[in-house]
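S.K.: With the sequence shown counted from 1, adding 102 to any position gets you this note's numbering. Cβ coordinates follow ideal geometry from the N, Cα and C atoms, glycine included. Take this structure, written in structure tokens, and hold onto it; I'll ask about it next.
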Amino acid sequence: PAEVAPAVVAPAEVAPAAVAPAVAAPAEVAPAVVAPAEVAPAAVAPAVAAPAEVAPAEVALVKDEEMAESDDEEELAEDVEMADDEEVTPAPVYIAPAQVAPAPVVPAKEPVKILAKSDKTDIAPAMVVAAKPASLLKKEARAAQLATKNAASSKALAIMKAARRKEIVKKTANYYKQYEAADKEEVRLAREAKANGNYYVPAEARLALVVRLRGVNNIPPKPRKIMKLMRLRQINNGVFIKLNKASREMLRIAEPYITFGYPTSKPSER
103 PAEVAPAVVA
113 PAEVAPAAVA
123 PAVAAPAEVA
133 PAVVAPAEVA
143 PAAVAPAVAA
153 PAEVAPAEVA
163 LVKDEEMAES
173 DDEEELAEDV
183 EMADDEEVTP
193 APVYIAPAQV
203 APAPVVPAKE
213 PVKILAKSDK
223 TDIAPAMVVA
233 AKPASLLKKE
243 ARAAQLATKN
253 AASSKALAIM
263 KAARRKEIVK
273 KTANYYKQYE
283 AADKEEVRLA
293 REAKANGNYY
303 VPAEARLALV
313 VRLRGVNNIP
323 PKPRKIMKLM
333 RLRQINNGVF
343 IKLNKASREM
353 LRIAEPYITF
363 GYPTSKPSER
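Dropping the structure here:
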């Protein structure tokens, strides 16, 4: 039999996959909101080697190399995962506090407390006023008594004045009737005397109006005294005088310094 030399198979050299370390780009941090940068893990494609017929010793060597490569790949994957898990710390940003005007402080109103009947006993007693002196009490009593007396007297006086006014009105009405009747009687008597061919002589006057004409110079004592009794104290003073024998004699004595006449009812009323 022909001797066949064993074929020497060179071990396939598998180049390890070059894994570039993942560099995380610095994330742009906004002043207010900081968004963490998402870093995508690098995909590592496993190296696939075509099976080859290898001697048992060589196969064992190849397995050892593959196991070493797989361990290196696992460590690299773990490093990438740890890098992904780490948080990106943003740079500190200073935000100036907004200036806000302080709000005015309004004092709070105290709630009104409504006292119950049971709480009224706790109220402090009112201020005690000292008693009035006896003299002041007597004065007040006397003033009250006088006020009551004056009110009663004023009321009685008002009633009396009203009654007197009514009497005066009645008397005045009676006087008007008497004067009117007397005037009518005078007219009737004059007409009757004229119808009979006679003259009617009216009765003497019972009232005279006296007026002073002279001053105080060069007046005798008697006429001066008479004018003083008649209340004719200065020039142009006038008075009504009831006529009788004594008054007629006085008018005769003081006649050069006075004047008088007999008024009718109409001037007297005016």
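#1: Give the secondary structure of valine 303 by DSSP, where H, G and I count as helix, E and B as strand, and everything else as coil.
#2: Quick one, are the C-beta atoms of asparagine 338 and valine 318 less than 8 Å apart?
#3: Could you say which of Arg335, Gln336, Gly340 and Met329 lies nearest to leucine 353 if we only look at CA atoms?
#4: Which residues bound the beta strand (DSSP E) around valine 312?
#5: Taking the alpha-carbon of leucine 315 as reference, which of Pro323, Pro358, Gln280 and Lys324 has the nearest alpha-carbon?
#6: Can you give me the Cβ contacts of threonine 361 inside the same chain, cut-off strictly under 7 Å, excluding the 5 residues immediately before and after it?
#7: Going by beta carbon distance, what residues of the same chain come within less than 7 Å of threonine 274, once the five residues before and after it are set aside?
#8: Checking 8 Å against the spacing of the C-beta atoms, do alanine 310 and isoleucine 355 come in under that value?
#9: If you measure between the beta carbons of leucine 331 and valine 341, is that distance less than 8 Å?
#10: With a threshold of 6 Å on Cβ separation, who are the neighbours of threonine 366 within its own chain once the five nearest residues in sequence on each side are excluded?
#11: In whole angstroms, what separates the C-alpha of lysine 279 from that of lysine 286?
#12: Alpha carbon to alpha carbon, how far is arginine 326 from alanine 264?
#13: Considering just the uninterrupted stretch of the alpha helix (DSSP H) at isoleucine 337, what are its terminal residues?
#14: Report the partner residues of valine 289 according to the DSSP bridge assignment.
#15: Let's see if you can read the secondary structure: which residues bound the beta strand (DSSP E) around isoleucine 360?
#16: Do the CB positions of glutamate 288 and proline 304 come within less than 8 Å of each other?
#17: Output needed for alanine 97: all residues of its chain with C-beta closer than 6 Å, excluding positions within five of it in sequence on either side, in chain order.
#18: Could you tell me which residues DSSP puts in a beta bridge with lysine 279?
#19: Please state if the CB of leucine 345 and the CB of alanine 284 are separated by a distance shorter than 8 Å.
#20: Start and end of the alpha helix (DSSP H) containing leucine 353?
M.R.: Short version:
#1: Coil.
#2: Taking 8 Å as the Cβ cut-off, asparagine 338 and valine 318 do not qualify as a contacting pair.
#3: Closest option to leucine 353, Cα to Cα, is Met329.
#4: Element bounds for valine 312: 309-314.
#5: Of the listed residues, the one whose Cα sits closest to leucine 315 is Pro358.
#6: Same-chain partners within the cutoff: Val313 and Leu315.
#7: Nothing meets the Cβ criterion.
#8: The criterion of a C-beta distance shorter than 8 Å is not satisfied by alanine 310 and isoleucine 355.
#9: Not in contact: leucine 331 and valine 341 (Cβ atoms no closer than 8 Å).
#10: Within its own chain, no residue has a Cβ closer than 6 Å to the Cβ of threonine 366 once the five positions on either side in sequence are excluded.
#11: In this structure, the straight-line span from the alpha carbon of lysine 279 to that of lysine 286 is close to 11 Å.
#12: Approximately 43 Å between the Cα atoms of the pair.
#13: Counting along the chain, isoleucine 337 sits inside no alpha helix (DSSP H), nor does DSSP assign it H or E at all.
#14: Looking at the DSSP assignment, valine 289 forms no beta bridge with any residue, so it has no partner.
#15: According to the DSSP assignment, isoleucine 360 belongs to the beta strand (DSSP E) that extends over 360-363.
#16: Proline 304 is positioned such that its CB atom lies closer than 8 Å to that of glutamate 288.
#17: No information on residue 97 is available, as it lies outside the stretch 103 to 372 that the chain covers here.
#18: DSSP lists no partner for lysine 279.
#19: No; because the gap between Cβ atoms is not below 8 Å, this pair is not in contact.
#20: Taken as a continuous stretch (DSSP letters only), the alpha helix (DSSP H) holding leucine 353 covers 347-355.
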